[in-house]
Amino acid sequence: MLRVILLVAVFLGLTSSALAAPPSLFGDLFKKSSVTRASLSLTPVRTREVTGPIQITVDITTQEMTVASDGRTIYTFDVSTGRKGYGTPTGSFKPIRMHKMWYSSKYENAPMPHSIFFYGGYAIHGTTDIANLGQVASHGCVRLHPDNAELLFDLVNKIGMKNTKISLIRS
0 MLRVILLVAV FLGLTSSALA APPSLFGDLF KKSSVTRASL SLTPVRTREV
50 TGPIQITVDI TTQEMTVASD GRTIYTFDVS TGRKGYGTPT GSFKPIRMHK
100 MWYSSKYENA PMPHSIFFYG GYAIHGTTDI ANLGQVASHG CVRLHPDNAE
150 LLFDLVNKIG MKNTKISLIR S
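Residue 71 in numbering that gives the first Met the number 0 sits at position 72 of the sequence shown; the count goes up by one each step and never skips.
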């Protein structure tokens, strides 16, 4: 019995946090940054400065969205559009409805934060699947980083749906 107790004590001692690796002298220098291009607005302009109509262009080929007003780019975001078997429509659209939070009735109640619907059930919205931004991955909607979806939603809300044009193209 004493042998079992000693084995357990040795095992617990070897797995304690006291024997964990010491912190690196380099800190987080060589860790991959948690900030990605998909999570940033590349050319930010304060939305209060935007007063004219806005143009949202989604390039399905490059998986990139550009938001412009008065001939200047406001935002450039990585997106995910429809993967094989789930096409994203192309053409020119106007927003038809907006929801701060929507849950998909078609895809298992999937959350769709900051949704801007532009054609039937197709919307531009935030996603938790940020690792796949910049490549096709959706069921046809245009997915954005949640922070970027909120920026866009707030801008469209401020400018108005009637002053917003959405173009989905293939370059």
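Beta carbons: idealized from backbone N, C-alpha and C, even for Gly. The model shown is predicted, which means the values in this text are computed figures rather than measured ones.
If you compare the alpha carbons of PHE117, ASP128, MET97 with that of ALA109, the shortest gap goes to ASP128. Bridge pairing for MET100: PRO112 [DSSP]. Note: ASP58 is bridge-paired with GLU63, ILE168 in the DSSP secondary-structure output. Cβ contact annotation for ARG82 (same chain, cutoff 6 Å, sequence separation greater than five): VAL135, ALA136, in chain order.
The residue from GLU48, LEU143, ILE115, ALA122 with its alpha-carbon nearest to that of THR75 is LEU143. Per DSSP, reduced to three states, the secondary structure at LEU151 is helical. Nearest Cα to ASP69 within the set GLN62, ILE59, VAL49: VAL49. Taking a contact as a CB-CB distance under 8 Å, the pair GLY90 and LEU167 counts as one, their CB atoms being some 6 Å apart. ALA122 is bridged by DSSP to PHE116.
When rounded, the separation of the alpha-carbon atoms in ILE73 and THR126 is 21 Å.
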